[in-house]
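Numbering (our numbering), first residue to last: 51 to 268.
Just so it is clear, CB atoms sit at the ideal spot from N, CA and C, and this is done for glycine as well.
To start, the structure itself, in structure tokens.
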Ligand SMILES: Cc1cc2nc3c(=O)[nH]c(=O)nc-3n(C[C@H](O)[C@H](O)[C@H](O)COP(=O)(O)O)c2cc1C
């Protein structure tokens with residue numbers, strides 16, 4: 051069994067999204083001790099920014115017109131799709147950055163869609179596959195808050211993972227990760243602590259949900 055874990059945080063230390071992903075991974079490894087976890091630290095070992103335009107352009111060119119750069123970008127996209135297809139489950143840990151997702155995660159998504167096995171008209175690349183999406187936000191975006199509707203990451207990712215790629219998705223969310231960092235949010239300390247512990251509990255439950263009886267018996 052293989053878990054593909056993608057971390058989009060641009061930092062290693064003190065990362066709230068990695069904490070949630072660690073809880074999910076812990077449950078996966080408890081069910082499948084010693085199993086393979088394939089990792090991509092998308093926010094740190096970043097994919098080349100020009101890979102997607104090259105891979106997308108290559109799709110419109112006859113084979114003999116493709117340059118070495120086009121072929122390298124297509125090979126990278128193919129590797130990313132191979133990782134997705136050969137994983138039994140996926141785990142994505144994603145911070146909200148500037149009200150959306152980072153360019154690094156977007157590059158991963160765009161490169162996958164550039165591959166013929168995952169592009170328009172292909173079978174959904176995650177059809178029925180269990181996926182956990184752990185999203186963290188520095189602020190709060192719920193109904194009634196001043197920034198209700200400003201999170202343009204979570205719904206976008208649901209569209210891609212579920213509606214485009216067919217995943218069986220579980221979402222874990224934690225808000226107010228900047229409480230304790232930004233003094234303007236000090237009044238929310240108790241609420242943030244509750245949200246933190248609730249999110250870690252939800253991440254453990256989501257990790258257990260990745261483990262499917264049929265897969266566990268295999
Ligand atoms: C460059 C940058 C932009 C950010 N933009 C937002 C934002 O738009 N909304 C928000 O709620 N938090 C924002 N944050 C806060 C992060 O979402 C928060 O710190 C989160 O915990 C980061 O994930 P990590 O802890 O896994 O590194 C931003 C943080 C950084 C560094």
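- Leaving aside the five residues that flank residue 151 on each side, the residues in its chain whose CB is nearer than 6 Å to its CB run, in chain order, 203.
- Using a Cβ distance threshold of 8 Å, residue 169 and residue 216 do not count as a contacting pair.
- C-alpha of residue 235 to C-alpha of residue 90: approximately 32 Å in a straight line.
- DSSP places residue 126 outside any beta strand (DSSP E); the residue lies instead in the alpha helix (DSSP H), whose first and last residues are 118-136.
- Closest in C-alpha terms to residue 86, from the list 120, 61, 161, 140, comes 140.
- Residue environment for residue 94: exposed (fewer than 16 other C-beta atoms within 10 angstroms of its C-beta).
- A residue is called buried once 16 or more other Cβ atoms fall within 10 Å of its Cβ, and residue 176 is buried on that count.
- Non-local beta-carbon contacts of residue 75 in its own chain, meaning distances under 8 Å to residues more than five positions away in sequence, involve 53, 55, 87, 141, 257 in chain order.
- Distance from the CA of residue 192 to the CA of residue 260, rounded to the nearest whole angstrom, comes to 27 Å.
- Assignment of beta-bridge partners to residue 150 by DSSP yields 147.
- Closest option to residue 173, judged by alpha-carbon separation, among 63, 223, 135: 135.
- In the structure shown, residue 204 falls within a helical segment according to DSSP collapsed to helix, strand and coil.
- Between residue 70 and residue 249 a beta carbon distance of about 6 Å is seen, short of the 8 Å cut, so the two are scored as contacting.
- The Cβ-Cβ distance between residue 120 and residue 101 does not fall below 8 Å.
- In this structure, residue 59 sits away from residue 184, with a CB-CB distance that is not shorter than 8 Å.
- For residue 91, DSSP records a beta bridge to 57.
- In the DSSP annotation of this structure, residue 224 is not part of any alpha helix (DSSP H); the continuous beta strand (DSSP E) holding it starts and ends at 218-224.
- Residues whose Cβ lies closer than 6 Å to any heavy atom of ligand 1, listed in chain order: 59, 61, 65, 66, 67, 68, 145, 146, 147, 148, 149, 186, 187, 188, 189, 227, 228.
- Going by beta carbons, residue 189 and residue 223 fall outside the 8 Å limit.
- Taking all protein chains shown into account, residue 209 has fewer than 16 neighbouring C-beta atoms within 10 Å of its C-beta and is therefore exposed.
- Around the Cβ of residue 57, a 10 Å sphere holds 16 or more other Cβ atoms; the residue is buried.
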